[in-house]
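Scroll down for the structure; my scribbles are underneath it.
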Amino acid sequence: MDRNKYFRTVAGTALGILFALFVAGAILELGARLRFGRPLPDVLPDRDTLFRYPENGVAYYWFTEDEHGTKRPMPFYTNALGLRDDPILPKGPEEFRVLMLGDSFTAGMGIEQLDETIPRQLQRLLRALAVAAKLDR
């Protein structure tokens, strides 16, 4: 078989397979939309869910400031900065602050107790290390 003819046959077969996969995906998508309706938006900007779209367009969503949510499997509240934490008190002279930013995993969306979230566990670890450092002096 001629080399060009072989290449055209392989390329044609590959394009045919890709086209068939595209058509199959489109048919499945159409069937799902007809059966289940339009997909829900990823984020509902609503006070009960505590989400809002950011004005800066950088982040996917922010939590609403100073809110208590009820439409979660557990109670969920935010402070004045829109962070899932207790109210922020004025910083002391010997105090270090660590801001932990992240996604729903970092915020502990599926965790009922705030003390079980990753930021709180890190806070306990850092406090224990700070006490140990003070005792070593």
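This note's numbering numbers the first residue of the sequence shown as 10 and each following residue consecutively.
Positions of the beta carbon are idealized from the N, C-alpha and C atoms, including for glycine.
Three-state class that DSSP yields for residue i in the structure shown
{"i": "F72", "result": "strand"}
{"i": "F105", "result": "coil"}
{"i": "V52", "result": "Any reading at V52 must be qualified, since the residue scores a pLDDT of 45, below 50, and its modelled position is unreliable; the value itself is stated next. V52: coil per DSSP, three-state reduction."}
{"i": "T126", "result": "coil"}
{"i": "G34", "result": "helix"}
{"i": "R93", "result": "coil"}
{"i": "I26", "result": "helix"}
{"i": "L134", "result": "helix"}
{"i": "L110", "result": "coil"}
{"i": "L43", "result": "helix"}
{"i": "K100", "result": "coil"}
{"i": "G21", "result": "helix"}
Contact under 7 Å by Cβ, residue i with residue j
{"i": "I97", "j": "T115", "result": "no"}
{"i": "E103", "j": "A89", "result": "no"}
{"i": "F72", "j": "G91", "result": "yes"}
Chain D contact for residue i (CB, 7 Å cutoff)
{"i": "N88", "result": "The chain labelled as chain D is not found in the depicted structure, where only one protein chain is given."}
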